[in-house]
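A short write-up of the structure that comes next.
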Amino acid sequence: MAVIGEKAPNLKLGKWVQGMDTNLDNEGDNVKLVEVFQVNCPGCFMHSIPEIINIYNNYKSDGLSVFGVATAFEDYDKNTLENLEMLLTTGEVVGDTKQALTQYGQLDDGKLQFKIPYPVAMDSLVKEAGDPSKEKMNAFINNQIPNFESQPEDYKNQIYERVKQYYKSKEYSAETFEMYSLQGTPSTILVDRNGILRDVSFGQNTNLESMVQKLLNEWLII
Numbered sequence: 425m426a427v428i429g430e431k432a433p434n435l436k437l438g439k440w441v442q443g444m445d446t447n448l449d450n451e452g453d454n455v456k457l458v459e460v461f462q463v464n465c466p467g468c469f470m471h472s473i474p475e476i477i478n479i480y481n482n483y484k485s486d487g488l489s490v491f492g493v494a495t496a497f498e499d500y501d502k503n504t505l506e507n508l509e510m511l512l513t514t515g516e517v518v519g520d521t522k523q524a525l526t527q528y529g530q531l532d533d534g535k536l537q538f539k540i541p542y543p544v545a546m547d548s549l550v551k552e553a554g555d556p557s558k559e560k561m562n563a564f565i566n567n568q569i570p571n572f573e574s575q576p577e578d579y580k581n582q583i584y585e586r587v588k589q590y591y592k593s594k595e596y597s598a599e600t601f602e603m604y605s606l607q608g609t610p611s612t613i614l615v616d617r618n619g620i621l622r623d624v625s626f627g628q629n630t631n632l633e634s635m636v637q638k639l640l641n642e643w644l645i646i
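Quick note, the sequence shown lines up with residues 425 to 646 if you use the numbering used here.
Next up, the structure:
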């Protein structure tokens, strides 16, 4: 599991759809910014991805590497590799994203008004089978409930049962999404020049650009 302040594990990916195959350890001493989104996520396309594109354009020549990772933790019929490929090749969007962008006049002839310029991959999706391991449940719970281990046994057992039911309701386990204990989309992962995980954020992060600037200005430790 990924831990802030420790070396960031490589992303677990299914397929690179745009750009060269790469990963965190292939980007040398660049700062790494990973945008995790879902194809069926209106907020990702209305706010987060345009902001990431702006940051990419501003700092790509200053030692910043940006990746997009399309994941799926719901709406598995829409958050597919095929819809990601269609998005990146034609600009067409689907589902709630299409409905919201149409409503707010942010599509041209049904297509995005912008093109994602950085490499984009699909998260590694593994078919769920059987009950999740205790380790997997603990990692999920500890991210949501601080001091879980010190809670009463009855309460802990109730939470374990609810988490089991949650995993049973899922068709797939998205490996990068879970390894970084993400809470939803859009999310960002920020890794410094030394490969150390510095920040994981969910939703709109107003400090993201200033954090990128700060990491770009830090010296590499050799």
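We put the CB at the ideal spot given by N, CA and C, even for glycine. Being a predicted model, the structure only gives us computed values, none of them experimental.
For secondary structure counted as the beta strand (DSSP E) over 3 or more consecutive residues, the region 527-553 holds these complete runs in sequence order: 544-547 and 549-551. In the three-state DSSP reduction, residue 432 falls in the coil class, being neither helix nor strand. As a beta-bridge residue in DSSP terms, residue 621 pairs with 615.
Residue 572 has its alpha-carbon roughly 48 Å from the corresponding atom of residue 532. The residues 451, 454 and 456, in chain order, have a CB closer than 6 Å to that of residue 489 in the same chain once the five nearest residues on each side in sequence are set aside.
One alpha carbon belongs to residue 628, the other to residue 578, and they sit about 36 Å apart. In the DSSP secondary-structure assignment, residue 491 is bridged to 458.
Shown here, residue 522 sits in a helix according to DSSP, grouped into three states. Short of 7 Å from the beta carbon of residue 566, and not among the five residues preceding or following it, lie these beta carbons of its own chain, in chain order: 572. A check of alpha carbon separations from residue 429 across 522, 617 and 538 identifies 617 as the nearest. Taking every protein chain shown into account, the CB of residue 444 has fewer than 16 other CB atoms within 10 angstroms, so this residue is exposed. Here the region 430-441 makes contact with the region 543-559; the two share three or more CB pairs at distances below 8 Å. When only Cα atoms are considered, residue 597 and residue 632 end up about 27 Å apart.
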